[in-house]
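Numbering (the working numbering), first residue to last: 140 to 210. Note that beta-carbon positions come from the ideal geometry of N, C-alpha and C, so glycine has one too.
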């Protein structure tokens, strides 16, 4: 039980070190408070689309190669 308590204490300590978008020091209002969060989200979505396109491209290529090889 003490291991679980120690683990939870360490997790809480690490979470207090993190920066959270809703704890803005600038007293901004609205979506301006979340600029870093929205920018990061857009970057992640673009990266996911590019990676998905890359995987789909090679999947189609490999599918056609396998069709040619198994005829």
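- Query: Can you tell me the Cα-Cα spacing of residue 146 and residue 197, whole angstroms?
  - Reply: 43 Å
- Give the secondary structure of residue 157 by DSSP, where H, G and I count as helix, E and B as strand, and everything else as coil. coil
- Message: Assuming the contact rule is C-beta atoms closer than 8 Å, residue 176 and residue 160 should be a hit. Round their C-beta distance to whole Å, please.
- Response: 4 Å
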